[in-house]
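Only one structure is covered here, and it is reproduced in the block below.
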Amino acid sequence: MRLEIKKIGISLKPYPHVFVAVEWTREKLKRFIYLFSGITVTLTLFSISFAFDFFELQHLLYAFIIQLIFETNPFFSDFTIAIVTNIAEKQKIAIDENYYQKVYTKYAFGLGWYVHFSIWITFIYVLITLKNNFIV
Numbered sequence: 041m042r043l044e045i046k047k048i049g050i051s052l053k054p055y056p057h058v059f060v061a062v063e064w065t066r067e068k069l070k071r072f073i074y075l076f077s078g079i080t081v082t083l084t085l086f087s088i089s090f091a092f093d094f095f096e097l098q099h100l101l102y103a104f105i106i107q108l109i110f111e112t113n114p115f116f117s118d119f120t121i122a123i124v125t126n127i128a129e130k131q132k133i134a135i136d137e138n139y140y141q142k143v144y145t146k147y148a149f150g151l152g153w154y155v156h157f158s159i160w161i162t163f164i165y166v167l168i169t170l171k172n173n174f175i176v
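Mapping the sequence shown onto this note's numbering, position 71 (from 1) lands on 111, and the numbers just tick up by one.
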């Protein structure tokens, strides 16, 4: 995709996580591929583990559940970044960190955010129900 890597590191805000910062692209497809590659890999590994019954290893199941909850949350995730940058891009303004924060502040706790939050809570419920089916 020829995205220039600007920085790789660990951030403590809003919660501890590893990150890779790249030169941001205006091309939606490249941006979405970059943002959703992590969740795609996680879901692929989760599906393989599910298909081949690796969840007898309870720690693996717990790790996947925690990872999926973090990767899909409405507070700070690649989904939120994609939604907010998409909103900002429609306004035809260069997206820098300050502008992103302004758009995020307008998005947070709005209708779209509550839809995301509701889907996220439902997803957590499904994951917990799934966990209860595997752990005796």
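Where a beta carbon is used, it is the ideal one built from N, C-alpha and C, also for glycine.
Item	Value
So what does G49 bridge to, in DSSP terms?	F59
Take the Cβ of H99 as the centre, count every other Cβ of all protein chains shown within 10 Å, and call the residue buried at 16 or more, exposed below.	exposed
Do P114 and H57 have their beta-carbon atoms positioned less than 8 angstroms apart in this structure?	no
Which of the three DSSP states is assigned to S77 in this structure?	helix
Please list, in chain order, all residues of the same chain as F163 whose beta carbon is under 7 angstroms from its beta carbon, the five residues on each side excluded.	T112
Which of the three DSSP states, helix, strand or coil, is assigned to L83?	helix
For the alpha helix (DSSP H) that contains A101, what are its first and last residues?	Checking the sequence shown, residue 101 turns out to be Leu, not Ala. Element bounds for L101: Q98 to T112.
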